[in-house]
Every structure is written in C-alpha cells, then in structure tokens.
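Heads up: the structure comes next, in structure tokens.
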Amino acid sequence: MPEFPEMEAWRRQLDDPVRAFPIQEAGPAHIATLKTYDPPLSALEGRRFEGVERRAKRLLLPTDDGELVLLVHLMTAGRLRYLRAGEAGPKTPAFRIAFEGGTRLVLTEAGAKKRAGVWLLTPDQVEEELGHLGPEAYRIGAKRLGEIVAVDSRRLHSLLRDQRALAGIGRAWANEILHRAQLSPYASTKDVTPEQIARLAGAIDAELGRGLELRELGKKDKETYRVHKKLGEPCYVCGTPIAQVDFEQHTIFYCPKCQTAGRTLKDRRLSRLLR
Ligand SMILES: [Zn+2]
Numbered sequence: 001m002p003e004f005p006e007m008e009a010w011r012r013q014l015d016d017p018v019r020a021f022p023i024q025e026a027g028p029a030h031i032a033t034l035k036t037y038d039p040p041l042s043a044l045e046g047r048r049f050e051g052v053e054r055r056a057k058r059l060l061l062p063t064d065d066g067e068l069v070l071l072v073h074l075m076t077a078g079r080l081r082y083l084r085a086g087e088a089g090p091k092t093p094a095f096r097i098a099f100e101g102g103t104r105l106v107l108t109e110a111g112a113k114k115r116a117g118v119w120l121l122t123p124d125q126v127e128e129e130l131g132h133l134g135p136e137a138y139r140i141g142a143k144r145l146g147e148i149v150a151v152d153s154r155r156l157h158s159l160l161r162d163q164r165a166l167a168g169i170g171r172a173w174a175n176e177i178l179h180r181a182q183l184s185p186y187a188s189t190k191d192v193t194p195e196q197i198a199r200l201a202g203a204i205d206a207e208l209g210r211g212l213e214l215r216e217l218g219k220k221d222k223e224t225y226r227v228h229k230k231l232g233e234p235c236y237v238c239g240t241p242i243a244q245v246d247f248e249q250h251t252i253f254y255c256p257k258c259q260t261a262g263r264t265l266k267d268r269r270l271s272r273l274l275r
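Each residue of the sequence shown is one higher than the one before, counting from 1 in the working numbering.
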C-alpha cells in the first residue's frame, strides 16, 4: 500500500494540474469505488479544484469555493493518473474526472477486487471521516512521539503502522524506519528509552524524507527500499543477510545484527500453534 512518501509524491505531482481547468464531467465511477451518493458527483461540474492535499494515506481535492472535497484512498492497487488532452487512457477506469480542455484525472485499480475508494464530501463530513487519524508521522518530533509511545503498550512495528496513533506509515516504511533507528520491530513501547525515542523520531524523518525524494524521481520499489522485501540480501549497514518474520498478517524484514543483537525473531503465531 502506498504510504507517506508515495502519496506525498503523487500529491505534489497532481497539485498544479488538477487546478488548471474547471471540471467538465465527474464520473463515471465503478459502483464499488464511489462510496457516497449525496452530494452527487455532478455537483462537482463547473467547479474548480483548489489543488491536492494529503492526510495520512489519503488525497483530498477541495473545490476552490470551499464547499466540496473529493477524497481518494488508493488502498493497495489503486493508481491516479493525470492525462493530457488526447492522451490515451484506460477504457474503463474505476473513476474519472474530465476537465474543460480535454485533460482527465483517472483512477485505475489492478485486479478484480475493487478496494480503492472515492468519496465526495462536505468539509464537515471530511472532518468526521478523518477524525480517527493520529498526527502525521513525518516531522512528528521526539517530544510528541514520546507522548504517543508513553500511552501505548505493544510492539513498535505495530504502533508505527497504526493510523490512529501515527498517520502515514505502513509495513514497508515501518521496516525501513526501525532499521534506520537500530530498533527491534518486536521492541515494546513500554521498554523504549528517551534516547531510543529520539532515534526513532529522527529515523522517521530521515526515511520518509529519503523515500519522498526517490519517489519524486520516479524510483520503483526495488531502488527505494533497502530492507523491505530484501530477504537474504546484505544489510546496507553491516552486510548481514536481511531476515524476515511473520507478525500480525505482515512480514517484517529486519537486520539481525543492527536491530536485534544477533537474535532471530520468532513467528509468534507459529509458536502459539505449536505450544
Ligand atoms: Zn545490519
């Protein structure tokens, strides 16, 4: 699933184009993709977007009159593309906005399952919809991060991925961040020291910033991640082969030397079954 670096790179890329022309036609939308019906999509027609904002892993396109907001959540496989006038696009996109002058914004989703979503909301409804989200992870700072960690009791990998605690990080960047911070993915929030929290806050900014820079250059996963999905490849710091462990429906990747003092993390689900 795209996380902060990917979403923010797309936001920056789309911010100018979407405001260039008024909206001519909103839709069609796949029935599973459009999550709201009131106000109707046609309410967008004739209006103009103010640009693109981002909150956690969602993109928000407010209209410049302040009345409506188009909210887009790409989930795992959704992709947004801005097409110039006359540029060939997908035949049946999951969602489409046509602008005056012939440019289009299209949402496509690979695979049969339609999980990406589009909501047309009023600003009040947006607040309600996003009210559960925690503060943005990028530039959170050690002080605020320390407050979040202090009231929590679970493993760091789980905390980093929880959008209610901290918004914008998923499993891929949690792997990268914890490696950079030299912390075990299994470390408990109860045991982390102030020094480790400072290191974690620094690693969040360093890794998300690095990812954003690479995504803005159009780099693919392989050239962006250094730990995530790198099983058996040498750690970029110490050369130890990267290890993996399954945890909470996710596969965690980590360096056994840099992060866990040589220990191999156990698959907790498996050990529970064997007990
Ligand atoms: Zn290492």
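Using N, Cα and C, we set each Cβ at its ideal position, and we do this for glycine too.
CA nearest to the CA of residue i, picked from the options
| i | options | result |
| --- | --- | --- |
| residue 195 | 265, 60, 146, 112 | 146 |
| residue 125 | 84, 189, 35 | 35 |
| residue 191 | 149, 68, 175 | 149 |
| residue 110 | 86, 79, 136 | 79 |
| residue 69 | 234, 84, 129 | 129 |
| residue 93 | 263, 114, 131, 152 | 114 |
Residues of its chain near residue i, where Cβ-Cβ distance is below 8 Å and the 5 sequence neighbours each way are ignored
| i | result |
| --- | --- |
| residue 19 | 48, 49, 50, 51, 64 |
| residue 11 | 52, 53, 54, 59 |
For residue i, the three-state DSSP class (helix, strand or coil)
| i | result |
| --- | --- |
| residue 154 | coil |
| residue 46 | coil |
| residue 132 | coil |
| residue 98 | strand |
| residue 234 | strand |
| residue 252 | strand |
| residue 211 | helix |
| residue 117 | strand |
| residue 243 | strand |
| residue 41 | helix |
| residue 14 | helix |
| residue 139 | coil |
Inter-residue CB distance, residue i and residue j (contact presumed, cutoff 8 Å)
| i | j | result |
| --- | --- | --- |
| residue 117 | residue 3 | About 17 Å separates the two Cβ atoms, so there is no contact after all. |
| residue 166 | residue 134 | 5 Å |
| residue 225 | residue 243 | Not a contact, Cβ separation roughly 15 Å. |
Own chain partners of residue i with C-beta closer than 7 Å, once the 5 adjacent residues on each side are dropped
| i | result |
| --- | --- |
| residue 158 | 248 |
| residue 228 | 172, 175, 176, 253 |
Neighbourhood of residue i by C-beta, 6 Å cutoff - its chain only, sequence neighbours within 5 removed
| i | result |
| --- | --- |
| residue 119 | 35, 36, 71 |
| residue 17 | 82 |
Within the segment 157-225, ranges of the beta strand (DSSP E) (whole runs, at least 3 residues)
Listed in chain order, the beta strand (DSSP E) runs fully inside the segment 157-225 amount to none, counting runs of at least 3 residues.
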